[in-house]
Structures are given as C-alpha cells and as structure tokens.
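Residue numbers (UniProt numbering): 1 to 86.
Ideal Cβ placement from N, Cα and C applies to all residues, glycine included.
For reference, the structure is listed below as structure tokens.
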C-alpha cells in the first residue's frame with residue numbers, strides 16, 4: 001500500500017516538468033521539447049517526464065551548450081516557403 005500523505009524519498013529527489021519550467025523561467029512545453037530531444041537529464045515513465053534534481057543541477061553547473069549543425073533547419077522552416085535554404 002502506498003502512503004499518499006508523506007512524500008517519498010524519490011518524490012523529493014525529482015522534479016516534474018511544470019516545477020522545472022518554473023524554476024528555469026521557461027514554458028513547460030519547452031521543457032518537454034528539450035526532454036524529448038535528449039537535451040535535458042530526464043526519465044520518462046509512461047507519459048510522465050521526471051527530472052532528477054541532482055542531474056539537473058549538475059547540468060546547469062556544467063554550462064554545456066548544445067551545438068546545432070550548420071545545415072540544421074527546424075522542420076517547420078523546411079515546410080514554410082518564407083525561409084530560403086542556402
């Protein structure tokens with residue numbers, strides 16, 4: 001039987017997407033997008049994303065920048081005639 005009144009140790013060691021979004025000052029959709037792309041330390045259980053606090057803080061401290069290849073264009077820009085590939 002699971003006790004829903006007391007927070008478990010696991011609950012205190014992970015963040016949910018809305019909590020991480022608030023902490024980082026970004027939209028929750030941005031958190032989900034970066035998690036799905038593997039750019040944020042995360043664990044997916046079913047439809048729920050969890051973010052280990054320790055891994056998030058280490059990731060923030062590392063200050064690693066994601067590099068984007070020069071020939072990379074987001075999917076939407078490939079479909080819209082407004083953008084011209086060079």
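Item	Value
Mapping DSSP to helix, strand and coil, what is residue 33?	helix
Whose CA, out of 12, 56 and 18, lies closest to the CA of residue 38?	56
Taking the alpha helix (DSSP H) that residue 60 belongs to, which residues open and close that run?	53-62
Residue 14 to residue 52, Cα distance in whole Å?	4 angstroms
Do you know whose CA, among 46, 23, 17 and 22, lies nearest residue 34's CA?	17
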